[in-house]
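Colleague: To get this note's numbering, take the position in the sequence shown, counting from 1, and add 328.
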Amino acid sequence: MRLGFFIALFRMIIALPIGIFAGMGRKTLSRIIGFFNTFFSAVPMLIFSYIVLNFNYCYRMQMEKSIVAFAIVLALVGWSKLAGIIEDVTKRIMAEDFIEGELAIGKTKTQIIFQNVLPHLIPHGVSQFFKEMAMGLFLVAQLAVLYVFVGTTREVGAMAFRANYRMGLEPEW
329 MRLGFFIALF
339 RMIIALPIGI
349 FAGMGRKTLS
359 RIIGFFNTFF
369 SAVPMLIFSY
379 IVLNFNYCYR
389 MQMEKSIVAF
399 AIVLALVGWS
409 KLAGIIEDVT
419 KRIMAEDFIE
429 GELAIGKTKT
439 QIIFQNVLPH
449 LIPHGVSQFF
459 KEMAMGLFLV
469 AQLAVLYVFV
479 GTTREVGAMA
489 FRANYRMGLE
499 PEW
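#1: Measuring straight from C-alpha to C-alpha, what distance separates L344 and A411?
#2: By DSSP, does P447 sit in helix, in strand, or in coil?
#3: Considering only residues of the same chain and omitting the five flanking positions on each side of M373, which have a CB-CB separation below 7 angstroms?
#4: Are there three or more Cβ pairs, one per stretch, closer than 8 angstroms when the segment 341–361 is compared with the segment 437–446?
#5: Is the beta carbon of M389 sitting closer than 8 angstroms to the one on A399?
#6: Using the C-alpha atoms, what's the distance from M463 back to G470?
#7: Check for me: the alpha helix (DSSP H) holding E424 runs from which residue to which?
#8: Classify V401 as helix, strand or coil using the three-state DSSP reduction.
#9: Do you know offhand how far G429's Cα is from I450's?
#10: In whole angstroms, what separates the C-alpha of G479 from that of G453?
#11: Compute the Euclidean distance between the alpha carbons of G361 and F368, then round it to the nearest angstrom.
#12: Determine the DSSP secondary structure at M389, reduced to helix, strand or coil.
#13: Grouping DSSP H, G and I as helix and E and B as strand, with all else coil, what is K459?
#14: Please report the distance separating the alpha-carbon of F457 from that of G434.
#15: If I measure Cβ to Cβ from N320 and keep anything under 8 angstroms in the same chain, skipping five residues before and after, which residues do I get?
#16: I need the DSSP call for V380, collapsed to helix, strand or coil.
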(Lines of atoms letter the chains of each structure in order from A and count residues from 1; the text may use other names and numbers.)
(Lines give C-alpha, C1' and ligand atoms only; values in the text may rest on other atoms or scores of the structure.)
Protein backbone atom coordinates (compact mmCIF):
# COMPACT_ATOMS: atom_id res chain seq x y z
CA MET A 1 0.00 0.00 0.00
CA ARG A 2 2.92 2.30 0.66
CA LEU A 3 4.08 1.85 -2.93
CA GLY A 4 0.62 2.70 -4.25
CA PHE A 5 0.50 5.76 -2.00
CA PHE A 6 3.90 6.98 -3.23
CA ILE A 7 2.99 6.41 -6.87
CA ALA A 8 -0.20 8.44 -6.47
CA LEU A 9 1.58 11.14 -4.43
CA PHE A 10 4.40 11.58 -6.95
CA ARG A 11 1.94 11.63 -9.86
CA MET A 12 -0.14 14.26 -8.07
CA ILE A 13 2.94 16.38 -7.28
CA ILE A 14 3.91 16.39 -10.95
CA ALA A 15 0.43 16.64 -12.49
CA LEU A 16 -1.27 19.20 -10.24
CA PRO A 17 0.77 22.32 -11.07
CA ILE A 18 1.19 21.38 -14.73
CA GLY A 19 -2.53 20.62 -15.13
CA ILE A 20 -3.62 23.81 -13.36
CA PHE A 21 -1.36 26.08 -15.40
CA ALA A 22 -2.26 24.28 -18.63
CA GLY A 23 -5.94 24.72 -17.79
CA MET A 24 -5.40 28.41 -17.17
CA GLY A 25 -4.12 28.91 -20.69
CA ARG A 26 -0.45 27.93 -20.84
CA LYS A 27 -0.29 26.33 -24.29
CA THR A 28 3.26 24.99 -23.83
CA LEU A 29 2.24 22.92 -20.81
CA SER A 30 -0.85 21.72 -22.64
CA ARG A 31 1.37 20.53 -25.50
CA ILE A 32 3.68 18.74 -23.05
CA ILE A 33 0.70 16.92 -21.54
CA GLY A 34 -0.51 16.02 -25.03
CA PHE A 35 2.93 14.75 -26.04
CA PHE A 36 3.26 12.47 -23.01
CA ASN A 37 -0.30 11.19 -23.44
CA THR A 38 0.41 10.41 -27.09
CA PHE A 39 3.78 8.81 -26.31
CA PHE A 40 2.38 6.51 -23.64
CA SER A 41 -0.53 5.61 -25.89
CA ALA A 42 1.93 4.47 -28.56
CA VAL A 43 4.38 2.85 -26.11
CA PRO A 44 2.29 1.42 -23.26
CA MET A 45 3.30 2.22 -19.69
CA LEU A 46 3.77 -1.46 -18.94
CA ILE A 47 6.36 -1.97 -21.68
CA PHE A 48 8.21 1.25 -20.89
CA SER A 49 8.36 0.57 -17.14
CA TYR A 50 9.33 -3.07 -17.83
CA ILE A 51 12.32 -1.89 -19.87
CA VAL A 52 13.40 0.68 -17.27
CA LEU A 53 12.90 -1.55 -14.21
CA ASN A 54 14.38 -4.70 -15.79
CA PHE A 55 18.01 -3.68 -15.23
CA ASN A 56 20.18 -5.75 -12.90
CA TYR A 57 20.59 -2.71 -10.65
CA CYS A 58 16.87 -2.81 -9.83
CA TYR A 59 17.05 -6.50 -8.86
CA ARG A 60 19.56 -5.88 -6.11
CA MET A 61 17.81 -2.97 -4.38
CA GLN A 62 16.54 -3.39 -0.88
CA MET A 63 12.81 -3.02 -0.31
CA GLU A 64 12.85 0.63 0.86
CA LYS A 65 14.98 1.85 -2.05
CA SER A 66 13.05 -0.32 -4.47
CA ILE A 67 9.72 1.18 -3.38
CA VAL A 68 11.01 4.70 -4.05
CA ALA A 69 12.54 3.69 -7.41
CA PHE A 70 9.36 1.95 -8.55
CA ALA A 71 7.25 4.90 -7.38
CA ILE A 72 9.38 7.40 -9.30
CA VAL A 73 9.42 5.36 -12.52
CA LEU A 74 5.69 4.57 -12.39
CA ALA A 75 4.89 8.20 -11.54
CA LEU A 76 6.89 9.44 -14.52
CA VAL A 77 5.06 7.14 -16.91
CA GLY A 78 1.58 7.92 -15.56
CA TRP A 79 1.39 11.58 -14.59
CA SER A 80 0.21 12.88 -17.96
CA LYS A 81 -3.26 11.33 -17.86
CA LEU A 82 -3.85 12.82 -14.43
CA ALA A 83 -2.55 16.20 -15.64
CA GLY A 84 -4.95 16.05 -18.59
CA ILE A 85 -7.88 15.45 -16.23
CA ILE A 86 -6.78 18.32 -13.98
CA GLU A 87 -6.38 20.55 -17.04
CA ASP A 88 -9.92 19.80 -18.19
CA VAL A 89 -11.41 20.46 -14.73
CA THR A 90 -9.43 23.71 -14.46
CA LYS A 91 -10.70 24.84 -17.86
CA ARG A 92 -14.28 24.19 -16.71
CA ILE A 93 -13.68 26.16 -13.52
CA MET A 94 -12.08 29.05 -15.42
CA ALA A 95 -15.14 29.21 -17.71
CA GLU A 96 -17.48 29.86 -14.76
CA ASP A 97 -19.10 33.28 -14.32
CA PHE A 98 -17.64 33.89 -10.86
CA ILE A 99 -14.10 33.72 -12.31
CA GLU A 100 -14.99 36.56 -14.65
CA GLY A 101 -16.12 38.51 -11.59
CA GLU A 102 -12.87 37.72 -9.80
CA LEU A 103 -10.91 39.05 -12.76
CA ALA A 104 -13.12 42.14 -12.92
CA ILE A 105 -12.33 43.10 -9.33
CA GLY A 106 -8.61 42.79 -10.07
CA LYS A 107 -7.52 39.48 -8.55
CA THR A 108 -4.27 38.06 -9.84
CA LYS A 109 -3.95 34.59 -11.35
CA THR A 110 -2.21 33.37 -8.19
CA GLN A 111 -5.09 34.57 -6.02
CA ILE A 112 -7.58 32.91 -8.36
CA ILE A 113 -5.64 29.64 -8.21
CA PHE A 114 -5.52 29.54 -4.40
CA GLN A 115 -8.97 31.02 -3.67
CA ASN A 116 -11.07 29.51 -6.46
CA VAL A 117 -9.40 26.80 -8.53
CA LEU A 118 -7.83 24.68 -5.77
CA PRO A 119 -10.97 24.53 -3.59
CA HIS A 120 -12.98 23.37 -6.60
CA LEU A 121 -10.28 20.83 -7.54
CA ILE A 122 -10.17 19.15 -4.11
CA PRO A 123 -13.10 16.73 -4.71
CA HIS A 124 -11.70 15.71 -8.10
CA GLY A 125 -8.19 15.48 -6.67
CA VAL A 126 -9.14 13.20 -3.80
CA SER A 127 -11.01 10.77 -6.03
CA GLN A 128 -8.24 10.85 -8.64
CA PHE A 129 -5.62 10.23 -5.94
CA PHE A 130 -7.23 6.95 -4.93
CA LYS A 131 -7.79 6.00 -8.56
CA GLU A 132 -4.09 6.61 -9.22
CA MET A 133 -3.21 4.40 -6.24
CA ALA A 134 -5.28 1.58 -7.71
CA MET A 135 -3.84 2.06 -11.20
CA GLY A 136 -0.29 2.08 -9.80
CA LEU A 137 -0.84 -1.12 -7.84
CA PHE A 138 -2.37 -2.74 -10.91
CA LEU A 139 0.71 -1.79 -12.93
CA VAL A 140 2.94 -3.30 -10.21
CA ALA A 141 0.90 -6.51 -10.40
CA GLN A 142 1.29 -6.58 -14.19
CA LEU A 143 5.05 -6.12 -13.81
CA ALA A 144 5.14 -9.04 -11.36
CA VAL A 145 3.64 -11.27 -14.06
CA LEU A 146 6.64 -10.28 -16.19
CA TYR A 147 9.04 -11.19 -13.31
CA VAL A 148 9.79 -7.60 -12.28
CA PHE A 149 9.38 -7.49 -8.52
CA VAL A 150 9.64 -4.79 -5.90
CA GLY A 151 12.60 -5.50 -3.63
CA THR A 152 15.49 -7.90 -3.97
CA THR A 153 15.07 -10.71 -6.46
CA ARG A 154 17.17 -13.75 -7.16
CA GLU A 155 17.58 -16.14 -10.03
CA VAL A 156 16.33 -19.64 -9.30
CA GLY A 157 18.54 -22.09 -11.16
CA ALA A 158 16.70 -25.37 -11.16
CA MET A 159 13.59 -26.81 -9.64
CA ALA A 160 11.62 -29.90 -10.45
CA PHE A 161 9.17 -28.15 -12.77
CA ARG A 162 10.95 -25.08 -14.07
CA ALA A 163 14.41 -23.59 -14.43
CA ASN A 164 15.96 -20.13 -14.69
CA TYR A 165 13.32 -17.72 -13.48
CA ARG A 166 13.37 -14.80 -11.07
CA MET A 167 11.74 -14.82 -7.68
CA GLY A 168 11.25 -12.04 -5.14
CA LEU A 169 13.04 -12.54 -1.83
CA GLU A 170 10.73 -10.16 0.06
CA PRO A 171 6.95 -10.32 -0.31
CA GLU A 172 5.49 -7.22 -1.97
CA TRP A 173 2.17 -7.42 -0.15
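Yeah, the Cβ is synthetic: ideal placement off N, Cα and C, and Gly gets one too. Computed from a predicted model, the values in this text were never measured in an experiment.
Modeller: This is what the structure gives:
#1: 6 angstroms
#2: helix
#3: V405, G406, L467
#4: yes
#5: no
#6: In the sequence as displayed, the identity of residue 470 is Gln instead of Gly. Their backbone Cα atoms lie some 10 angstroms apart in a straight line.
#7: Premise fails: E424 is in no alpha helix (DSSP H) and is neither H nor E.
#8: helix
#9: 22 angstroms
#10: 30 angstroms
#11: Looking at the sequence itself, residue 361 is Ile, so the reference to Gly does not match. Between I361 and F368, the C-alpha separation is close to 11 angstroms.
#12: coil
#13: helix
#14: 33 angstroms
#15: Residue coverage of the chain in this structure runs from 329 to 501, which leaves residue 320 outside it and unanswerable.
#16: helix
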